[in-house]
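Asks:
Number of protein chains: 2
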Amino acid sequence: MGEIRNAERTRRKILDAAREEFFEKGYNGARIESIAKRAGLNKQLIYHYFKGKEHLINETIDDFAGSVSSGNFILPANPKHTAEFRFKVNVEHLMDFLKFTAWEAIDSIPENSNGEERRKLVLQSYVEDMRSKQDMGLVPKELDPSLITLMMSSLTIYPLLYENVTRMITGYKPEDPEFQEKWTDFLRLISERIFD
Amino acid sequence: MGEIRNAERTRRKILDAAREEFFEKGYNGARIESIAKRAGLNKQLIYHYFKGKEHLINETIDDFAGSVSSGNFILPANPKHTAEFRFKVNVEHLMDFLKFTAWEAIDSIPENSNGEERRKLVLQSYVEDMRSKQDMGLVPKELDPSLITLMMSSLTIYPLLYENVTRMITGYKPEDPEFQEKWTDFLRLISERIFD
DNA sequence: TTTTTAATTTAACCTTTGTAAAGTTATAAG
DNA sequence: CTTATAACTTTACAAAGGTTAAATTAAAAA
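First to last, the sequence lines map onto chains A and B.
Count along the first sequence starting at 1, add 78, and that's the number in the numbering used here.
Count along the second sequence starting at 1, add 78, and that's the number in the numbering used here.
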């Protein structure tokens, strides 16, 4: 049985499976065996296509970085809507990637200058955006654009990732649409207060 | 060489070493061998005093929970100072524990109802505190106290834990006192805006 | 068709790691 | 002083997991 041999497709399968696995379990927690199983392939094929675990995760990250269309990153004109916008993007497109960043924050993961570099550019574009809006008078002068951006990241990521905390505090699970709606509203409310 | 035999002291050494190890590497990443080494003890002693890895982490968490004096949790009277206060407490007393909560958020860690329960109580006391201040007219009525509390947690934890993100956005490392000062100031500024 | 190359599988290895079992030595009770 | 208990050490092992090597089979080239 099995399908016709096809290097391209197999490589793709491995990368997709690896993405799931690495994003879900981090580098150290990920298992080559498990990736193979997800991909429905023989474990050894992974070594045929990639040098090893470390090489695989680097390729995986690069591949992912390339796949995230930079179209998501057109921020709203009004800074009061930035937080809710970023929250929405996180919920709809970046959940699994965010989980990976959580691993990255605490687990020892081999460096990937490429992926790191791209993320840095995105984050700094957020800072620049905020700075330009500050110049336009839409953002209070006393607030540092980079710190505002860090605030936005905190508020739109932490509640999604720290399921326990969110539940202990609010009683909701982060995935609950009801929570997401409340949190969206809340972000808008405080944004209005902050940017007035 | 070696000191006089002493069960109490040995048990203590194990718990201390286990705390460091578990907080630093999470449950799955922690190594019994490494704990033994930290404690300067034979690996097998750990099995003499504890049933196994899972039992050990539970005892470790309970032990830690018992050791954190609840004295830290007297919140400032003015809600405008809550964020900076919590940030300060995190920096000065809870860094390693926070790191552990990061593991907990993404890694599969054996449940510890006891530790979980205590944390929940603390967090909910924060919510209650905010609610009472709202009743006193110090907090805008339209802001849900539990969401405010979640916001406080996000803002005082995320930047400390996500070293990469903090650095990519601000150029500072979270441990840098200069960053901590700026962030403290920032927290105060936005608190003033939010609670006015 | 023959040959060569590449995809895929089978088998095996070696290290790490959690844990068990048994042995040894100190301390305390009788 | 003898004996029992508990602290500590030594050995050993089985499972897990990353990696390599060799064998097989399909596809492409000649």
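Positions of the beta carbon are idealized from the N, C-alpha and C atoms, including for glycine.
No experiment lies behind these values; they were computed from the predicted model shown.
Quick one: is residue 80/B buried, meaning 16 or more other Cβ sit within 10 Å of its Cβ, or exposed?
Replies: Taking the second sequence and counting its residues from 1, one reaches residue 80/B at position 2. A caution first: residue 80/B carries a pLDDT of 45, below 50, which makes its placement in the model unreliable, though a value can still be read off. Exposed is the call here.
Asks: Mapping the DSSP letters down to three states, classify residue 153/A as helix, strand or coil.
Replies: Translated into the one-based positions of the first sequence, residue 153/A becomes position 75. It is coil, neither helix nor strand.
Asks: Buried or exposed for residue 82/A, please, with buried defined as at least 16 other CB atoms from any protein chain shown within 10 angstroms of its CB.
Replies: Counting from one through the first sequence, the residue named residue 82/A turns up at place 4. When all chains shown are included, residue 82/A counts as exposed.
Asks: Listing by chain order, which chain B residues have their CB less than 9 Å from the CB of residue 180/A?
Replies: Walking along the first sequence from the start, residue 180/A turns up at place 102. Those are 180, 183, 184, 239, 240, listed as they occur along chain B.
Asks: So that I know if they touch, is there some Cβ in chain A lying closer than 8 Å to that of residue 220/B?
Replies: Numbered from 1 along the second sequence, position 142 holds the residue referred to as residue 220/B. Chain A, which has a Cβ nearer than 8 Å to the Cβ of residue 220/B, makes this yes.
Asks: Taking 7 Å as the cut-off, is the C-beta of residue 220/B nearer than that to any heavy atom in the ligand FAD?
Replies: The model depicted lacks the ligand FAD and carries no ligand whatsoever.
Asks: My parser needs the alpha helix (DSSP H) runs of 4 or more residues fully inside the region 234-264 of chain B; what are they?
Replies: The qualifying runs are 241-248.
Asks: So, using beta-carbon positions, are residue 128/B and residue 119/B closer together than 8 Å?
Replies: For the purposes of this step, residue 128/B is taken as residue 50 along the second sequence, with counting starting at 1. For the purposes of this step, residue 119/B is taken as residue 41 along the second sequence, with counting starting at 1. No, these two residues do not count as a Cβ contact at 8 Å.
Asks: By Cβ distance, which residues of its chain are closer than 7 Å to residue 247/A, with the 5 residues on each side in sequence left out?
Replies: Translated into positions along the first sequence, residue 247/A becomes position 169. Within the same chain, residue 247/A has no close Cβ partners at all.
Asks: Report yes or no: do three or more beta-carbon pairs, one from the region 257-274 of chain B and one from the region 223-232 of chain A, lie closer than 8 Å?
Replies: Taking 8 Å as the limit for Cβ pairs, the verdict is that the region 223-232 of chain A does touch the region 257-274 of chain B.
Asks: Decide if residue 104/B is buried, meaning its Cβ has at least 16 other Cβ atoms within 10 Å, or exposed.
Replies: In the second sequence, counting from the first residue as 1, residue 104/B sits at position 26. So residue 104/B counts as buried.
Asks: Note down, in chain order, each residue of its chain lying with its Cβ closer than 8 Å to the Cβ of residue 190/B, except the 5 sequence neighbours on either side.
Replies: Within the second sequence, numbered from 1, the residue matching residue 190/B stands at position 112. Correct list, in chain order: 135, 136, 139, 140.
Asks: Going by CA-CA distance only, name the one from 144/B, 160/B, 109/B that's closest to residue 217/B.
Replies: As a first step, residue 217/B must be located in the second sequence, where it is residue number 139. If we check each option's Cα against that of residue 217/B, 160/B comes out closest.
Asks: Does the distance from the C-beta atom of residue 259/B to that of residue 250/B stay below 8 Å?
Replies: Within the second sequence, residue 259/B is the residue found at index 181, counting from 1. Within the second sequence, residue 250/B is the residue found at index 172, counting from 1. No.
Asks: Is there a Cβ from chain A that is less than 8 Å from the Cβ of residue 106/B?
Replies: Here residue 106/B corresponds to residue number 28 of the second sequence, with the count starting at 1. Closer than 8 Å: yes.
Asks: Residue 274/A to residue 146/B, Cα distance in whole Å?
Replies: The count along the first sequence starts at 1 and reaches residue 274/A at position 196. The count along the second sequence starts at 1 and reaches residue 146/B at position 68. One C-alpha to the other measures close to 40 Å.
Asks: Apart from the five residues just before and just after residue 244/A, which ones in its own chain have a Cβ nearer than 6 Å to its Cβ?
Replies: The residue labelled residue 244/A in the question sits at position 166 within the first sequence. Excluding positions up to five away in sequence, the list reads 237, 252.
Asks: Within the continuous alpha helix (DSSP H) that includes residue 176/B, where are the two ends?
Replies: Working through the second sequence from its first residue, we reach residue 176/B at position 98. 173-184 is the extent of the alpha helix (DSSP H) around residue 176/B.
Asks: Use the C-beta contact count for residue 269/B: other C-beta atoms within 10 angstroms, 16 or more gives buried, fewer gives exposed.
Replies: Residue numbering aside, residue 269/B sits at position 191 when the second sequence is read from its first letter. Classification of residue 269/B: buried, given that the 10 Å Cβ count is 16 or more.
Asks: Given this structure, state the Cα-to-Cα distance separating residue 157/B from residue 100/A, to the nearest angstrom.
Replies: Position 79 of the second sequence, counted from the start, is the residue given in the question as residue 157/B. Position 22 of the first sequence, counted from the start, is the residue given in the question as residue 100/A. The alpha-carbon atoms of residue 157/B and residue 100/A are separated by roughly 41 Å.
Asks: Within the continuous alpha helix (DSSP H) that includes residue 169/B, where are the two ends?
Replies: Indexing the second sequence from 1 puts residue 169/B at position 91. Note, residue 169/B: premise wrong, no alpha helix (DSSP H); not H, not E.
Asks: Per DSSP, what kind of secondary structure is residue 207/B in: helix, strand or coil?
Replies: Residue numbering aside, residue 207/B sits at position 129 when the second sequence is read from its first letter. Residue 207/B falls in the helix class under three-state DSSP.
Asks: How is residue 188/A classed by DSSP in three states: helix, strand or coil?
Replies: Here residue 188/A is taken as the residue at index 110 of the first sequence, counted from 1. In the structure shown, residue 188/A sits in coil (DSSP, three-state: anything other than H, G, I, E or B).
Asks: At the level of alpha carbons, what is the spacing between residue 197/B and residue 175/B?
Replies: As a first step, residue 197/B must be located in the second sequence, where it is residue number 119. As a first step, residue 175/B must be located in the second sequence, where it is residue number 97. Each residue's alpha carbon lies about 11 Å from the other.
Asks: Would residue 258/A count as contacting chain B if we go by Cβ distances under 8 Å?
Replies: Sequence index remark: in the first sequence, residue 258/A carries index 180 (1-based). No, no contact with chain B.
Asks: So is residue 262/A in contact with chain B if we call contact Cβ pairs under 8 Å?
Replies: Within the first sequence, numbered from 1, the residue matching residue 262/A stands at position 184. No, residue 262/A lies away from the interface with chain B (no Cβ there is under 8 Å from its Cβ).
Asks: Taking a contact to mean a Cβ-Cβ separation below 8 Å, would you say residue 234/B touches residue 165/B in this structure?
Replies: For this step, residue 234/B is matched to residue 156 along the second sequence. For this step, residue 165/B is matched to residue 87 along the second sequence. Going by C-beta atoms, residue 234/B is nearer than 8 Å to residue 165/B.
Asks: Going along the chain, which residues of its own chain have a beta-carbon closer than 6 Å to the beta-carbon of residue 172/B, five neighbours each way excluded?
Replies: Sequence index remark: in the second sequence, residue 172/B carries index 94 (1-based). So the list is empty, once near-sequence residues are dropped.
Asks: From the DSSP output, in three-state form, read off residue 95/A for me.
Replies: Counting from 1 along the first sequence, the entry for residue 95/A is found at position 17. The answer is helix: DSSP assigns residue 95/A an H, G or I state.
Asks: Report the rounded CA-to-CA distance for residue 188/B versus residue 178/A, giving the unit in angstroms.
Replies: Stepping through the second sequence from its first residue, residue 188/B is reached at position 110. Stepping through the first sequence from its first residue, residue 178/A is reached at position 100. Approximately 21 Å, taken between the alpha carbons.
Asks: What in chain B is Cβ-close to residue 210/A, meaning under 9 Å?
Replies: As a first step, residue 210/A must be located in the first sequence, where it is residue number 132. Under the 9 Å cutoff, chain B gives no residues; its nearest Cβ is about 16 Å from residue 210/A.
Asks: Please list, in chain order, the chain A residues whose beta carbon lies closer than 8 Å to that of residue 198/B.
Replies: Position 120 of the second sequence, counted from the first residue, corresponds to residue 198/B. Those within 8 Å of residue 198/B in chain A are 246.
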